[in-house]
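Per the UniProt record's numbering, residue 1 is the first one in the sequence shown, and the count goes up by one each step. Don't be surprised by glycine CBs; every beta carbon is placed ideally from N, CA and C. Only one structure is covered here, and it is reproduced in the block below.
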Amino acid sequence: MKKKNILYIFADQWRKKGMGFEGEPVATPAMDKFASESMVFDHAISTYPLCSPHRGALMTGKYPYSLGLWTNCKIGLDEVVMLKPQEVSIANVLKKEGYATAYIGKWHLDGSEKNFQDTPESGADNWDAYTPKGERRQGFDYWCSYGAMNAHLDPHYWQDNNKKVKPKIWSPEFETNLALDYLENRDQDKPFCMFISWNPPHPPLDKVPDKYLKTIHQHQLMANVPDTLKNDPAYIKRVEQYYGAIAGLDHNFGRIMAYLKEHNLVENTIVVLSADHGEMLGAHGRTGKNIWYEESINIPFIIRGGGIKAGRTDVLFSSIDHMPTLLDLLGIDIPSTVHGRSFKHVLMHPSNRADKQQDTVEDEPKSIFLSMIPGLPELVEPYRERGLNNKAFGWRGLRTKTHTYVVDNGCHPEDKQVRYIYHLKDDPLQLNPEMVSQDDSRCMAYDHVLRGYLAKIKDPFLLNR
Ligand SMILES: [Ca+2]
1 MKKKNILYIF ADQWRKKGMG FEGEPVATPA MDKFASESMV FDHAISTYPL CSPHRGALMT
61 GKYPYSLGLW TNCKIGLDEV VMLKPQEVSI ANVLKKEGYA TAYIGKWHLD GSEKNFQDTP
121 ESGADNWDAY TPKGERRQGF DYWCSYGAMN AHLDPHYWQD NNKKVKPKIW SPEFETNLAL
181 DYLENRDQDK PFCMFISWNP PHPPLDKVPD KYLKTIHQHQ LMANVPDTLK NDPAYIKRVE
241 QYYGAIAGLD HNFGRIMAYL KEHNLVENTI VVLSADHGEM LGAHGRTGKN IWYEESINIP
301 FIIRGGGIKA GRTDVLFSSI DHMPTLLDLL GIDIPSTVHG RSFKHVLMHP SNRADKQQDT
361 VEDEPKSIFL SMIPGLPELV EPYRERGLNN KAFGWRGLRT KTHTYVVDNG CHPEDKQVRY
421 IYHLKDDPLQ LNPEMVSQDD SRCMAYDHVL RGYLAKIKDP FLLNR
C-alpha cells in the first residue's frame, strides 16, 4: 500500500474560533469546506500557549519543560533556550522511514543567533536565527525558514546558506508559493511530510494586504470584550486586521487544497490545519497569549485524509499529542521519548462510539496540563535578586472538558498565590471565575493531579506557598 503523506499547516497566534464556520466574523470558505470534510477537535489545547514551547511539543511529543523550552528561544537570559539536536522530532522519524521532509516558514526552535555572536553573518537580529543544514534542522531536508521575525510584508528567510532570501511579498503568500513548488518538483517515489508555518495573524496586525480587510461592527464582537474597547475605533481596526490576516490565510489554504485535488493527492494525504496558540484580541481586556483563557489556549486542530472520518470530537488533545497521533496514523511506531498519546482511534473509528455522550477513550487523560513561566529577562531579574528560581513561578493549571483550574503564582516575587476555577459549561466566556483556597476539597483533588504532572516533568513550580 502506498504510504500516506503528511501536510501540516499551522498559523501563529490563531485562536480556535477564528474561522467563519466556528462563528467569528471572518469569511473562510476554503477552511469551512475543509472542516466539513474533516475531524474537528473542540478541545485542542496548547499546553504552554507560547511559540517555542508549543512548537517544541509539536515536533517531539514531549512537554516543553522537559525539552528545556521553558520560554521562547530568545536573547538576554543566562541560558540558551533551544530545541536540542538530540531530541527526536517527527521529521527525524519520518526521514528514517523514507519520507521526503520539508519545513517552510517560522521555526522559532533554534537558539537565537545573538546568543552566540554579536553580529551573526546571517544578519539575524534579536530573537531571529539562521539554522544551518544539519542536525538543528531536526530531520527536515527541504528548508526555507527563519527563527522569529514579524515583518509580514517584507519577510526574510534562510534556505541553503546564510544569505537572506527577501521575496518582498506577504509571507503566507510566499510560503504557499514555495509549498506548491515543492509539491510539484518533489521526488514522486517518496511519500512527503511538509510543515508550513505561517506567521500571521501574529502581530503586528497592520502588516496585512488591504485586499483582505473587511469592516467589523461592534455587535459582532464577543461579550467578554470590555465596552471601553468596543467603543475604541483603533481597537476595531486591529480586529479587522486580525480577521483580514485570517481571510488571507484562507485564500492561500484554498490554493493548496486545490493543488491536492488537481493532483489526486486528497485521499492519500493527511492534512492538518492548526496553530501554536491563540490570541485574546481584547477578551477580558487583554491582548496576546500566554494566559489560561480559552482564546489563548484553545487552538484549531482540523484533520482530513487517509481514511479519517468527518465530524467533531470532544477528546482532550494536547500539544504533545500531535506527533504521536500523526505517526500512528502512518502506521509508524511512536518513539519511547514521547509523552503524548495517539488519538488515531478517534479519527478512524468514531462510529464505534456513536451511542456515547462523549468521545471517551479508554486511557484518555481527564485533564490537560497548562503552564506558563515568567521568561522575559526583566521578569526573571527580580527573582534572581531575591535568590529565587523564576521557574517555580508563573502559573500552572488543568483544563478538563468542563473546567479550567489555575494556580497563579504571578510573574513577580511579591505576587500572592491565587487559585481559580472556571466553569466552562455554565460560563463559556469565563467571566465569573471562582477564587478558591487550597483547602477547598476540589482544589486538593486538582492539586493532586497537578503534582503528578509536575513530578513527571520535574517542573519546580511552587504549588503550595
Ligand atoms: Ca506564537
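Check                                                                                                                                                      : Outcome
Please report the straight-line C-alpha distance between E294 and D12, rounded to a whole angstrom.                                                        : 16 Å
Give the DSSP-derived three-state secondary structure of N274 in the structure shown.                                                                      : It should be noted that the sequence gives Ser, not Asn, for residue 274. Strand at S274.
According to the neighbour-count rule (16 or more other Cβ atoms, all chains shown, within 10 Å of its Cβ), is R396 buried or exposed?                     : buried
Tell me which same chain residues have a C-beta within less than 6 Å of the C-beta of M372, skipping the five on either side of it?                        : N290, G394, W395
Does the Cβ of D12 lie closer than 6 Å to at least one heavy atom of ligand 1?                                                                             : yes
Would you call the CB atoms of C73 and I104 closer than 7 Å?                                                                                               : no
Relative to the alpha-carbon of F301, which residue among K190, S36, V449, C411 has its alpha-carbon at the smallest distance?                             : S36
Count the CB pairs spanning the region 319-329 and the region 47-59 that are closer than 8 Å, and state whether there are at least three.                  : yes
May I ask whether a heavy atom of ligand 1 can be found less than 6 Å away from the beta carbon of D276?                                                   : yes
Would you mind stating whether N162 and Y130 have Cβ atoms separated by less than 7 Å?                                                                     : yes
Take the Cβ of N264 as the centre, count every other Cβ of all protein chains shown within 10 Å, and call the residue buried at 16 or more, exposed below. : exposed
Based on Cα-Cα distance, which residue from R136, I421, Q417, P382 lies nearest to H403?                                                                   : I421
R255 by DSSP, collapsed to three states: which one?                                                                                                        : helix
Please return the same chain residues whose Cβ sits closer than 6 Å to the Cβ of W14, not counting the five positions on each side in sequence.            : P201, A275
Below 7 Å between beta carbons: does that hold for A245 and V272?                                                                                          : no
By DSSP, does L221 sit in helix, in strand, or in coil?                                                                                                    : coil
Ignoring anything shorter than 4 residues or poking outside the region 136-202, list the alpha helix (DSSP H) runs there in chain order.                   : 171-185
Quick check on N185: buried or exposed, where buried means 16 or more other Cβ atoms within 10 Å of its Cβ?                                                : exposed
Do M31 and M39 come within 7 Å of each other at the CB atom, strictly closer than that value?                                                              : no
Would you call the region 166-175 and the region 81-88 touching, i.e. three or more CB-CB distances under 8 Å?                                             : no
Once DSSP output is grouped into helix, strand and coil, what is the label at D355?                                                                        : Unreliable placement is indicated for D355, whose pLDDT of 46 sits below 50; no coordinate value is reported for it.
Considering only the beta carbon of each residue, do R136 and D160 sit closer than 7 Å?                                                                    : no
Between K106 and S197, is the Cβ-Cβ spacing less than 7 Å?                                                                                                 : yes
Thinking C-alpha only, which one of S342, E262, L260, M222 is nearest V239?                                                                                : M222
According to DSSP, R399 sits in a beta bridge with which residue or residues?                                                                              : I368, T404
Can you tell me where the alpha helix (DSSP H) holding A57 begins and where it ends?                                                                       : 51-60
With respect to 6 Å, is the separation between the Cβ of C51 and the closest non-hydrogen atom of ligand 1 below this value?                               : yes
Helix, strand or coil for D328 per DSSP?                                                                                                                   : helix
Rounded to whole angstroms, how far is the Cβ of residue 466 from the Cβ of F317, which I believe are closer than 8 Å?                                     : Residue 466 is absent from the model: the chain starts at 1 and stops at 465.
Based on the DSSP output, what are the partners of M435 in its beta bridges?                                                                               : Y420
CB R399 to CB V407, shorter than 7 Å?                                                                                                                      : no
Measure from the C-beta of T404 to each C-beta in chain D and report whether the shortest distance is under 7 Å.                                           : The structure shown contains no chain D, having only a single protein chain.
Helix, strand or coil for R15? Go by DSSP, reduced to three states.                                                                                        : coil
Take the Cβ of F343 as the centre, count every other Cβ of all protein chains shown within 10 Å, and call the residue buried at 16 or more, exposed below. : buried
Would you give the residue range spanned by the beta strand (DSSP E) that residue 467 belongs to?                                                          : Any answer about residue 467 is impossible in this case: the structure gives the chain only from 1 up to 465.
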